[in-house]
Structure formats: structure tokens, C-alpha cells
Amino acid sequence: MCATILCTAASAYADRQPGSLSTIKFGASSGNIEIIHRLHSHDAELGIMSAMNDLSLSIDHLEGQAQLALYVETRFSVAAIEGDEIGAPLVLDLIGAEVDGDYVLVYQEFAGSLPPNVAVRNDILRDIFPEQINHVNIAINQSVHSLIFKDKDAWKSAQLTD
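See below:
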């Protein structure tokens, strides 16, 4: 049944390609690294219904937002690069999710500073929508580093020092 809904919804993508925007930045008020994932509510709802195989989930309800946040937590990672190796993923704290107009925002934090060389992996909704494109902006030290994830992209790196 989920497949039927996803196929039916395919026509909705004729004018808009599924995608997300994740922003990583220092939060002056929290003193932590804040990560905000912005997904179109239609994509998020279809994605979470498919991922959880539960057509009753809605991002308009707390349970749907919680399931989406837990899903995002398993599909987004940041790690330090040491030499030529990607280290273990940093421990990101899941803060929650909320609906904001046509979008759903999922919040994570990292208590500490980002390493000077980071690797990022963003697989959000890419297991559900093969055409999904995820953008990640890392706004640190008055610079913005942009990464784009599509197709079978895995880890991508950014050097955060000048």
C-alpha cells in the first residue's frame, strides 16, 4: 500500500524535486554546534510513512514528528577526519522536530567544537526517493562550506580552517 501512495505521489514531483537543506552552525545562545534539517512536509510525510510502513503517521502529529526525527538521526552523520581516515561519527544529540509552514525542521546539537577537517554523510530520504538531493551548509568561522549529496554519494569532506 505504501508503494501505491508513493507511486501516486510521483506526479507531485513533476514541478519539484525532493530535497533537504541541513545547516550546521555555532549557536551563540547554546554554545553548541546546532544542526537544523529542513525538509518539505510532503516529502517528509511520504518518506516517514514508507520508512515505518505505517500509513497512519502524519508529521502534523507529535508521533509522526518524533518518528521523523529518529529516522533523520540514523541517516545523518558528522565525523572528524584524521589523516586520510574518517573517524567515528560525533555524538549528536537529537533535540526534536517541528512543523514550520510547508516544512518540517529537525534539530540536533553537538556539545563541543567541530574538528578542523570533517566528513559528513547525509542519507536523509535517499533510501525512499532515489532522486532526492540533500544540501548541507556548514557555517563556521565566518565561512560557509556547501556539500551536495545525490545518487549514491556517501561521505563528503570539508576543511573548516583557512
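Our numbering numbers the first residue of the sequence shown as 1021 and each following residue consecutively.
Even glycine gets a Cβ: it sits at the ideal position worked out from N, Cα and C.
Ranking Pro-1109, Asn-1157, Ile-1053 by CA distance to the CA of Thr-1094 puts Pro-1109 first.
Rounded to whole angstroms, the separation of the alpha carbons of Ser-1050 and Glu-1129 is 9 angstroms. Exposure of Val-1164 is indicated by the presence of fewer than 16 other C-beta atoms within 10 angstroms of its C-beta. Taking a cut-off of 8 angstroms on C-beta distances, the stretch 1137-1149 touches the stretch 1162-1177, as three or more cross pairs fall below it. Ala-1086 is not a Cβ neighbour of Pro-1135, given a cutoff of 8 angstroms. Between Ser-1061 and Val-1126, the beta carbon gap of about 12 angstroms keeps them out of contact (Cβ cut-off 8 angstroms). The residue among Ala-1178, Val-1140, Ile-1115 with its C-alpha nearest the C-alpha of Asn-1052 is Ile-1115. From the listed residues Phe-1096, Tyr-1091, Leu-1112, Ile-1158, the smallest Cα separation to Ile-1068 is found for Tyr-1091. Taking 4 residues as the minimum length, the alpha helix (DSSP H) runs contained wholly in the stretch 1039-1088 are 1061-1072, in order along the chain. Around the Cβ of Glu-1151, a 10 Å sphere holds fewer than 16 other Cβ atoms; the residue is exposed. Under the criterion of beta carbons closer than 8 angstroms, Ile-1056 and Ser-1042 qualify as touching, at roughly 7 angstroms. Between Ser-1177 and Val-1138 a beta carbon distance of about 7 angstroms is seen, short of the 8 angstroms cut, so the two are scored as contacting. Distance check between Phe-1046 and each of Val-1156, Gly-1132, Asn-1154, Glu-1065 places Gly-1132 closest, using alpha-carbon atoms only.
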